[in-house]
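Peer 1: Numbering (numbering that gives the first Met the number 0), first residue to last: 0 to 198.
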Amino acid sequence: MIGPPVEVPWLSRRAVDAAPLLLGSTLQVGRRSGRIVEVEAYEGADDPASHAARGGTPRNQVMFGPPGHLYVYRIYGMHWCANIVCGIDGQPGAVLVRALEPLEGVDGMWADRPKARSEVDLCSGPGKLCAALGVTGDHDGVFLLDADGPVRLLVGRPPDRVASGPRIGITKAADRPWRFAEAANPHVSRPHPKPPPAG
DNA sequence: GACAAGATTGACT
DNA sequence: GTCAATCTTGTCC
0 MIGPPVEVPW
10 LSRRAVDAAP
20 LLLGSTLQVG
30 RRSGRIVEVE
40 AYEGADDPAS
50 HAARGGTPRN
60 QVMFGPPGHL
70 YVYRIYGMHW
80 CANIVCGIDG
90 QPGAVLVRAL
100 EPLEGVDGMW
110 ADRPKARSEV
120 DLCSGPGKLC
130 AALGVTGDHD
140 GVFLLDADGP
150 VRLLVGRPPD
160 RVASGPRIGI
170 TKAADRPWRF
180 AEAANPHVSR
190 PHPKPPPAG
């Protein structure tokens, strides 16, 4: 799917550079929304852990398209994972949204995640937040900056303090510190990565 | 056509 | 902490 000719300069950069800038923005689906507090960067041929490492396939084609689109895939045959496509056009890249701080539509989130133990647990994981917001494969490829779109990204100010650390759940290139989270925010999916140096 | 692996979660010990 | 659930995708023959 090719999106409308809207420029998204803050996403037109390497995934590892765009990822921390997405912290603090809001992901909105219908009446449900959450503030992005944890992300991971996935790049192209130079990132063995990325779906785009071995070139384009029917599944990952959105990663090779223009920035600002949503890449949704199914993991372990059960859960959905949502990514925000970034990178310079032609160079694949995406930022996995790993955790949200619920803002609006919390009742609806509980309806779709009745087994959550607490409000913090509603969106504290990539599969959890997709279930809570209602994101599915039907949303793969949608443009996030379309005011009338089914899934929207509302750009916000990134936090002052961002913690970084290794990505979760991968076996390749597991040493790269490409996971980013808002420091001290309790809505993250796992224990906080290393905070930045004081100062 | 067959097979192994996977950017996870939830239940159980 | 350990482990099963569940099935699509990509690779190889």
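Cβ atoms here follow ideal geometry from the backbone N, Cα and C, with glycine treated the same way.
1. Give the straight-line distance between the Cα atoms of valine 134 and leucine 128, rounded to the nearest whole angstrom.
2. With a CB to CB cut of under 7 Å and the five nearest residues on each side skipped, what residues in its chain are close to leucine 95?
3. When you compare only the Cα positions, how much space is there between aspartate 46 and arginine 30?
4. When you compare the CB positions of threonine 25 and leucine 102, do they come within less than 8 Å of one another, or not?
5. Quick one: Cα of methionine 77 to Cα of glycine 54, how far?
6. Return the residue from the list Val141, Asp16 and Ala98 that minimises the CA-CA distance to alanine 130.
7. Could you tell me which of Phe142, Phe179 and Glu118 sits nearest to valine 7, measuring between CA atoms?
8. Quick one: what does DSSP say glycine 126 is sitting in, helix, strand or coil?
9. Give the range of the alpha helix (DSSP H) segment to which proline 19 is assigned.
10. Determine whether the beta carbon atoms of alanine 18 and tryptophan 177 lie at a separation below 8 Å.
11. Among residues of its own chain, excluding the 5 on either side of glycine 23, which ones have a beta-carbon nearer than 6 Å to its beta-carbon?
12. Does the region 174-193 come close enough to the region 55-64 that 3 or more CB-CB pairs lie under 8 Å?
13. In the structure shown, what three-state DSSP assignment does tryptophan 9 receive?
14. How close, in whole Å, do the beta carbons of valine 71 and aspartate 145 come, if the pair is a contact with beta carbons under 8 Å?
15. Which residues in the same chain as arginine 112 place their Cβ atom closer than 6 Å to its Cβ, once the five residues preceding and following it in sequence are excluded?
16. With distance defined between alpha-carbon atoms, name the residue in Ala162, Arg58, Ser188 and Ala115 nearest to proline 91.
17. Measuring straight from C-alpha to C-alpha, what distance separates alanine 173 and serine 32?
18. Starting from glycine 107 and walking both ways along the alpha helix (DSSP H), at which residues does that stretch end?
Peer 2: Per the coordinate set shown:
1. 8 Å
2. Val38, Glu39, Tyr41, Cys80, Asn82 and Pro125
3. 36 Å
4. yes
5. 25 Å
6. Ala98
7. Phe142
8. helix
9. 14-21
10. Contact flag set, yes.
11. Gly155, Arg156, Pro157 and Pro158
12. no
13. The answer is helix: DSSP assigns tryptophan 9 an H, G or I state.
14. Contact between valine 71 and aspartate 145 does not hold, since their C-beta atoms are separated by about 16 Å, which reaches or exceeds 8 Å.
15. Leu121, Ala130 and Ala131
16. It is Arg58 whose Cα lies nearest to the Cα of proline 91.
17. Between alanine 173 and serine 32, the C-alpha separation is close to 30 Å.
18. 105-111
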